[in-house]
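Adding 10 to a residue's 1-based position in the sequence shown gives its number in the working numbering.
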Amino acid sequence: MTTSRKALIAEYKERPTIAGIYAVICSATGQVWVGKSRHIDTEQNGLWFTLRHGGSPYRSLQAAWTAHSPEDFRFEQLDRLPEDISDLRRKDELAGRAKLWIARLGAEAL
């Protein structure tokens, strides 16, 4: 492995993780799902991958994805936690904010 590649990998691993709350919205049905993630910037890629391959653990989301086209879905970041929040507090803060957004949007939890 070259030195520059090693440096890029190390830089990637050391980047700050941004936790937050997101929504998946189906424009065809108006359904909304809200989830929380410790890595909100990469959450959509993983979620879309499992949906495309039919392996999502979220049955209602998978059913909607299968019934409609992927273009009918959008991913929105709703809330981001500060980078300097402690790991212990992050979990509680994510859970609380997720409940707030679920109630606010009348969404289903992911």
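Idealized CB from N, CA, C, for every residue including glycine.
A quick note: this is a predicted structure, and the numbers were derived from the prediction, not measured.
Short Cβ contact (8 Å threshold) for residue i with residue j
i    : j   : result
A33  : E86 : yes
E93  : P26 : yes
S144 : D89 : Here the chain covers residues 11 to 120 and nothing more, so residue 144 does not appear.
L115 : V42 : yes
Q72  : L61 : yes
Reference residue i; option with closest CA among the options
i   : options                : result
T39 : K16, I19, L120 and R84 : R84
T52 : S37, A17 and Y22       : Y22
I28 : I95, A20 and L120      : I95
H78 : A108, E24, I35 and L91 : I35
Through-space distance from residue j to residue i, alpha-carbon basis
i    : j    : result
T76  : G64  : 8 Å
G30  : W58  : 17 Å
P80  : G45  : 18 Å
K101 : R15  : 33 Å
P67  : A74  : 13 Å
L98  : A105 : 12 Å
I50  : L110 : 17 Å
T12  : A20  : 12 Å
S47  : R69  : 19 Å
Any chain C beta carbon closer than 8 Å to residue i
i   : result
A77 : As a matter of chain content, chain C is missing from the structure shown, which is built from one protein chain.
Cβ-heavy atom distance, residue i to the ligand NAP, below 7 Å
i    : result
L115 : Absence of the ligand NAP from the depicted structure is noted, as is the absence of any ligand whatsoever, leaving it without description.
Exercise for review: Starting from the N-terminal side, write out each stretch of the beta strand (DSSP E) that is 3 residues or longer and does not extend beyond the segment 13 to 42.
Suggested key: Listed in chain order, they are 30 to 36.
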